[in-house]
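Start counting the sequence shown at 172; every next residue gets the next number (our numbering). Glycine included, C-beta positions come from ideal geometry on N, C-alpha and C.
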Amino acid sequence: MDSAAASTSTYDDVRPSATPPRALATEAVHAGRDDLARQGLHAPPIDLSTTYPSYDSRAEAARIDAFAATGAEPDGPPVYGRLGNPTVARFETALARLEGTESAVAFASGMAALSAVLLARAAMGLRHVVAVRPLYGCSDHLLTAGLLGSEVTWTDPAGMADALRPDTGLVLVESPANPTLAEVDLRAVAHACGSVPLLVDNTFATPVLQRPAEQGARLVLHSATKYLGGHGDVLAGVVACDEEFAGRLRQVRFATGGVLHPLAGYLLLRGLATLPVRVRAASASAAELARRLADDPRVARVHYPRIGGAMVAFEVHGDPHEVIAGVRLITPAVSLGSVDTLIQHPASISHRIVDADERRGAGVSDRLLRLSVGLEDVDDLWRDLRGALGAAETAGAAAVEV
């Protein structure tokens, strides 16, 4: 890291500018980096400072007062790591441009990002949330358990308008949903929300496949741990939104401390550069695996979204745990969106925390497996899956004989 170069980078350098419209692949490579050449740099600097010198305490007080009033990023040099960081700001700028929003606010995890949204609405007396299942299991639990004082009404998209109340502060959907890959008509849902902000968890699709803000969503959530980072080595969350809501989220982040580490911000910015290439390559393999799984008599049902993507879910006739135990190339692990292929059993892990009846009612059956397809050769992946399905079939037959 060039600390001298890092010290010259201010928020003004990396905030969205009047850059002409560019293709997604170009934005992925250049957004958040447009100022580097002017500084004589090629790679973004990593600013690890937790605090910054200031010899004008009166001006510093005025900047802090301005932040307290609106949540707008302080003009001029950084103040303190909990208020913001130049490296993280680069990632936020880039993600906002990819999602087509005014701003983005990054957090230490996807759950920290969702919590900040709920807290921001609760601070306005709007604690009621309308949501569509399935959601990621921990998101479901956060709402159902009322851990942040929220109250949730679960509905389907057709019942959205009827579920709204005067104190409804948020409508929450995932599309494609975790783990069934169910899709909703985002434009129709946004219309049904009226003036209530719609939050779309876009983790599975990424801005490569859909941009929910263009369909009426006010908030776009990512577990950036997944595809945005893309290499299984960074934990983060981010909300893309308009600047007004971003200000409230920054205030919550400052108060609660759910900040993103600068090194994570650097890794995420680097991950965005290859996001379109990774998503499209993995999606092509996922579509082919979905086709082969659908033709396999050991598979009862395959879930693959119309929008495409790198996620596949499938239900087996036999014991799904034996399939997990039988893979050799594919990694049995939680999470998704990495360069390598992962498989997991949602009912045992990611959605275990959801009530069993409600989980099954949302389509998360006990025989469902979720596959996050990576960048390996598709024939190698199929050979591994086919072998695991065969091992599960053999184990089932042996159990019957006993």
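The alpha-carbon of GLY252 is positioned some 9 Å away from that of TYR223. Contact between LEU352 and VAL371 is ruled out by a C-beta separation of about 15 Å, above the 8 Å threshold.
The beta carbons of ALA563 and VAL423 sit no closer together than 8 Å.
The alpha-carbon separation between ASP551 and ALA363 amounts to approximately 45 Å.
Between the alpha carbons of LEU438 and ARG382 lies a gap of roughly 22 Å. Counting only unbroken stretches of 4 or more residues, the alpha helix (DSSP H) elements lying wholly within the stretch 308 to 354 are 308 to 315 and 331 to 334, in sequence order. In the three-state reduction of the DSSP assignment, PHE262 falls in the helix class.
Residue environment: TYR226 is assigned as exposed (fewer than 16 neighbouring CB atoms within 10 Å of its CB, all protein chains considered). In this structure, the straight-line span from the alpha carbon of ASP311 to that of ARG261 is close to 31 Å. In the structure shown, LEU539 adopts extended strand secondary structure according to DSSP, grouped into three states. Unbroken alpha helix (DSSP H) runs of no fewer than 4 residues, entirely contained in the stretch 488 to 532, are found at 491 to 497 and 527 to 532, following chain order. With a cutoff of 8 Å on beta-carbon distance, VAL342 and MET331 are scored as near each other. Considering only VAL344, PRO215 and ARG462, the residue with the shortest C-alpha distance to GLY203 is PRO215. Going by beta carbons, ARG469 and VAL487 fall inside the 8 Å limit. Going by beta carbons, LEU313 and SER286 fall inside the 8 Å limit. Across the structure, PRO350 and ARG541 are spaced so that their CA atoms are roughly 6 Å apart. Distance from the CA atom of GLY403 to the CA atom of THR512, rounded to whole angstroms, is 11 Å. Nearest in C-alpha terms to LEU266, of all of LEU464, HIS522 and LEU443, is LEU443. In this model, VAL303 and GLY400 are separated by some 26 Å (Cα to Cα).
Only exposed fits HIS213, as fewer than 16 other CB atoms lie within 10 angstroms of its CB.
A straight line joining the alpha-carbon of ALA243 with that of ILE495 spans about 47 Å.
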